[in-house]
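Enquirer:
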Amino acid sequence: MQSLKVLGLGVGAAALLGLGVILGHFAIPKGANQPAPQDLDLEVLETVMRQLDASRIREDLRELSREPHLSSSPRDEALVQLLLQRWRDPVSGLDAAEAPQYEVLLSFPSQEQPNLVEVVGPTGDILHTCRQREENLTGEQGGPDVVPPYAAYGPPGTPQGLLVYANQGTEEDFKELQTQGIKLEGTIALTRYGGAGRGAKAVNAAKHGVAGVLVYTDPADINDGLSLPNETFPNSWHLPPSGVERGSYYEYFGDPLTPYLPAKPSSFRLDLTNVSGFPPIPTQPIGFQDAKDLLCNLNGTSALATWQGALGCDYKLGPGFRADGDFSADSQVKVSVYNRLELRNSSNVLGIIRGAVEPDRYVLYGNHRDSWVHGAVDPSSGTAVLLEISRVLGTLLKKGTWRPRRSIVLASWGAEEFGLIGSTEFTEEFFSKLQERTVAYINVDISVFANATLRVQGTPPVQSVVFSATKEIRSPGTGDLSIYDNWIQYFNRSSPVYGIVPSLGSLGAGSDYAPFIHFLGISSMDIAYTYDRSKTSARIYPTYHTAFDTFDYVDKFLDPGFGSHQAVARTAGSVLLRLSDSFFLPLNVSDYSETLRSFLQAAQQDLGALLEQHGISLGPLVTAVEKFESAAEALDQHISALQKGSPDTLQVRMLNDQLMLLERSFLNPRAFPEERYYSHVLWAPHTGSTATFPGLANACSTAKDTDPGSEAWAEVQRQLSIVVVALEGAAATLRPVADL
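All residue numbers for the sequence shown refer to this note's numbering, where the first residue is 1291 and numbers rise by one.
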């Protein structure tokens, strides 16, 4: 690793104001002259829905994506000032806005020595050089602020060796190559995106002696197989042949040097030799035109049918090139990577709306700000929606016609693209306060992938509030469907409780919701509009993390008219108001019963016989699920009874705390010692094949081929106990507060 370059330790005092200071000050009522609202005001809700303006979102997106804004760049810091200006505006601003900084470790390509991928002949002559930058198709890809494609946190080095094709770079893919008799030691592996995480490809490759990794996007995975210039941007939404997906190859999230500590100048920092999670070997992404030049000249046997793609040739495995191709048979590929690590200051921007009745209860709404290049879709589509929601709410606030029951915290996170850094540092700094006081977290990162339908990921309790919101908002486009009715046509499931309903996806670690759900146990959701899966096989929108993710790309192909952006703004805005203004929190904990029951049934069906062979009973788990179902049903009845009467405010406050704190009861910080930040026993990384409690599934997967009485089977019993205790704790949280 190169030595760190420390850039400025001095931080302005105003930027260091913590959330506690901000909210502590502004939570004190200042003699507001309007009556404190007691419940969701439907007229206010309708006013907000009506005033959210698609044309304003469009103009904000144009400004946000006008220039590249890589994390900590001058343009990124200029957008910090733009947000502060908006949130401090005397007409449409919020109660407070601050931009606290963190000093974080980022990774950049060297400006003096560009990263290179070359085909080298036996005498050292250069036979072919891959593109170092994307083709300048619209005049926006060639500017000095466009960072060349690179693998962030990939180590420097210049490995050279015979090329092999390793499909998606999974552990199974490399084992398949070995099964085929291919010697991997010292080779360069060409892999395609998908299947395994970016950094995992290099980790898997290094285990088998591979010296370097190349990564490309296959047209089969993102372009529906289309690859000709007249079929791709700027003539359609598809990725041009020179397009390269940048990204972070760091395994974890948060600042690499300060795990579990906020990245402040005073915090302890790991020595670089003790940092884990970086790719172990040099890695470089390339475009699919360059991948075609390499892959279509490979020697060896044909790859499996499932490994074939859409580059217009038969994919061979290698190693090395064929004699009758464009390169000599003994040519090798050289990967020259000169990435460097730097300490940089990165800012979050926090906007505060003080709650009128329960100022110590927070509803958080966040979106990251930094992008790899222009980032019109990722993340500026989400930031444009955030700005429009804040404009409408701020205007009502300044007029004195509205103030939420609970406090609202709006957040623009910094350095998300490098590993969810800004949001993670925020959760580390305010861990206790956020765990004690946060009702829910709403994430709108990419607000519009495409314009077909809504897509929501979230934990079960948020399902009901999302459904309530979407049933009241008209879907964009022709017809008179609600967003809910449109959504159910594209993504649905059969619920034993509700019948056919839209399906919510589960939350992984793809955006800033990750530290809130996995680390803090806060009910969370991610909201976006997306494409019709029946019409495209795209892994994600085609220009993802490339220099072709521009305003015109959104304006012409993803969302002409910005109706889908407006639909997301209305959905997220309605959910935000319902969570911040409703007397009774609109979180339905009974919806967890359905999830737990499905997990239990999967465990019984797929693991029950195996566990029984080893003397492990699922009986305690059955009992724990039943306890939770009983407690949730009783709480529902209690809520219904209170809603029919005139409940005391303190009674409702106690009830709401039960709803708020349920998610925390599923945390066990010792459940997954190998997984940093993951402590939620229901939503941790899942390596087992059974759709059940992840710790139990993963432990069974590891233990199934080991001897009875092994440590692996002891871990199965430990994981089962962890789940049982978590479910019993969750049931206890839902029971009357005076009961133990």
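Built from N, CA and C at the ideal position, the CB exists for glycine as well. Source: prediction; values computed, not measured.
Just verifying my parser: in three-state terms, what is the DSSP assignment at Tyr1392?
Expert: Looking at Tyr1392 - three-state DSSP - the assignment turns out to be strand.
Enquirer: Report back the beta-carbon spacing between Arg1695 and Val1647 to the nearest angstrom; my notes put them in contact at under 8 Å.
Expert: Rounded, the Cβ-Cβ distance is 5 Å, consistent with contact.
Enquirer: Which word fits Arg1536, buried or exposed, when buried means at least 16 other C-beta atoms lie within 10 angstroms of its C-beta?
Expert: By the neighbour-count rule (16 or more Cβ atoms within 10 Å), Arg1536 is buried.
Enquirer: At which residues does the alpha helix (DSSP H) containing His1855 begin and terminate?
Expert: Segment Gly1853 to Asp1871, the alpha helix (DSSP H) holding His1855.
Enquirer: Please list the terminal residues of the continuous alpha helix (DSSP H) segment that includes Trp1662.
Expert: Run containing Trp1662: none; DSSP gives neither H nor E here.
Enquirer: Which residues share a DSSP beta bridge with Phe1611?
Expert: Phe1611 pairs with Leu1588.
Enquirer: Apply the 10 Å Cβ neighbour rule to Val1756 and answer buried if 16 or more other Cβ atoms are within range, or exposed otherwise.
Expert: By the 10 Å Cβ count, Val1756 comes out buried.
Enquirer: Give the range of the alpha helix (DSSP H) segment to which Ala1674 is assigned.
Expert: Counting along the chain, the alpha helix (DSSP H) containing Ala1674 begins and ends at Ser1671 to Lys1689.
Enquirer: The beta strand (DSSP E) spanning Glu1408 covers which residue range?
Expert: Per DSSP, Glu1408 belongs to the beta strand (DSSP E) from Leu1406 to Val1410.
Enquirer: Using CA atoms only, rank isn't needed, just tell me which of Thr2023, Phe1873 and Glu1521 is closest to Ala1922.
Expert: If we check each option's Cα against that of Ala1922, Thr2023 comes out closest.
Enquirer: Determine the DSSP secondary structure at Tyr1780, reduced to helix, strand or coil.
Expert: Helix at Tyr1780.
Enquirer: Using the DSSP secondary-structure output, state which residues sit across from Trp1703 in a beta bridge.
Expert: Answer is His1658.
Enquirer: Can you check which of these residues, Tyr1550, Val1500 and Tyr1440, is closest to Tyr1506 by C-alpha distance?
Expert: Of Tyr1550, Val1500 and Tyr1440, the residue nearest in Cα terms is Tyr1440.
Enquirer: Determine, using beta-carbon pairs with one atom in the segment 1498-1518 and one in the segment 1466-1481, whether at least three such pairs fall under 8 Å.
Expert: Yes: the two stretches touch, three or more of their Cβ pairs being nearer than 8 Å.
Enquirer: By the 10 Å Cβ neighbour count, where 16 or more other Cβ atoms means buried, how is Lys1465 classified, buried or exposed?
Expert: Looking at its Cβ environment, which holds fewer than 16 other Cβ atoms inside 10 Å, Lys1465 is exposed.
Enquirer: Ignoring anything shorter than 3 residues or poking outside the segment 1442-1523, list the beta strand (DSSP E) runs there in chain order.
Expert: Entirely contained in the segment 1442-1523, the beta strand (DSSP E) runs reaching 3 residues are, in chain order, 1453-1455, 1478-1482 and 1502-1506.
Enquirer: Does the contact criterion of 3 or more C-beta pairs under 8 Å hold for the segment 1667-1677 versus the segment 1710-1724?
Expert: They do not touch, by the three-pair rule.
Enquirer: Report the CB separation of Val2006 from Ala2016 in whole angstroms; it is logged as a contact under 8 Å.
Expert: With 8 Å as the limit, Val2006 and Ala2016 do not qualify as a contact, their Cβ atoms being about 16 Å apart.
Enquirer: Does the distance from the C-beta atom of Phe1833 to that of Leu1529 stay below 9 Å?
Expert: Rather than Phe, the amino acid found at residue 1833 in this sequence is Thr. Closer than 9 Å, so yes.
Enquirer: Am I right that Leu1877 and Ser1930 are in contact with their C-beta atoms under 8 Å? What's the rounded C-beta distance?
Expert: Incorrect: roughly 15 Å between the Cβ atoms, too far for contact.
Enquirer: What does DSSP give as the partner residues of Leu1631 in its beta bridges?
Expert: DSSP lists Ser1397 as partners of Leu1631.
Enquirer: For Thr1714, which of helix, strand or coil comes out of DSSP?
Expert: Helix.
Enquirer: Does Pro1549 get closer than 9 Å to chain B when you measure Cβ to Cβ?
Expert: The structure shown contains no chain B; it is built from a single protein chain.
Enquirer: Thinking just about the alpha-carbon of each residue, which of Gln1401, Thr1413 and Ser1532 is nearest to the one in Arg1423?
Expert: Here the closest residue by C-alpha is Ser1532.
Enquirer: What do you reckon, are the CB atoms on Gly1748 and Leu1794 nearer than 9 Å?
Expert: Yes; because the gap between Cβ atoms is below 9 Å, this pair is in contact.
Enquirer: Using the Cβ count rule (16 or more neighbours within 10 Å means buried), how would you classify Cys1603?
Expert: Exposed: under 16 other Cβ atoms inside 10 Å.
Enquirer: What does a CB cutoff of less than 6 Å around Phe1889 pick up in its chain, not counting 5 residues either side in sequence?
Expert: Hits under 6 Å: Thr1982 and Phe1983.
Enquirer: Whether or not the segment 1847-1865 and the segment 1935-1949 are in contact is what I'm after, with contact meaning three or more pairs of Cβ atoms, one per stretch, closer than 8 Å; do they touch?
Expert: No: fewer than three Cβ pairs fall under 8 Å.
Enquirer: From Pro1555 to Tyr1392, what distance separates their C-alpha atoms?
Expert: Their Cα atoms are separated by approximately 8 Å.
Enquirer: Short check: CB of Arg1960 to CB of Pro1549, under 9 Å?
Expert: No, Cβ-Cβ distance for Arg1960 and Pro1549 is not below 9 Å.
Enquirer: When DSSP labels each residue in this structure, what does Asn1988 get in the three-state scheme?
Expert: Here Asn1988 sits in helix by DSSP.
Enquirer: Do the segment 1729-1739 and the segment 1647-1659 make contact, defined as three or more Cβ pairs closer than 8 Å?
Expert: Touching, yes, given that three or more Cβ pairs across the two stretches are closer than 8 Å.
Enquirer: Under three-state DSSP, which class holds Arg1346?
Expert: Helix.
Enquirer: Out of Tyr1788, Ala1742, Val1752 and Pro1380, which one is the CA nearest neighbour of Pro1766?
Expert: Measuring from the Cα of Pro1766, the nearest candidate turns out to be Ala1742.
Enquirer: With a threshold of 16 other CB atoms inside 10 Å of the CB of Gly1471, please say whether the residue is buried or exposed.
Expert: Gly1471 should be labelled exposed.
Enquirer: For Gln1820 and Val1663, what's the separation of their Cα atoms in angstroms?
Expert: First, the residue type needs correcting, since residue 1820 is Thr and not Gln in the sequence shown. Distance between the alpha carbons of Thr1820 and Val1663: 21 Å.
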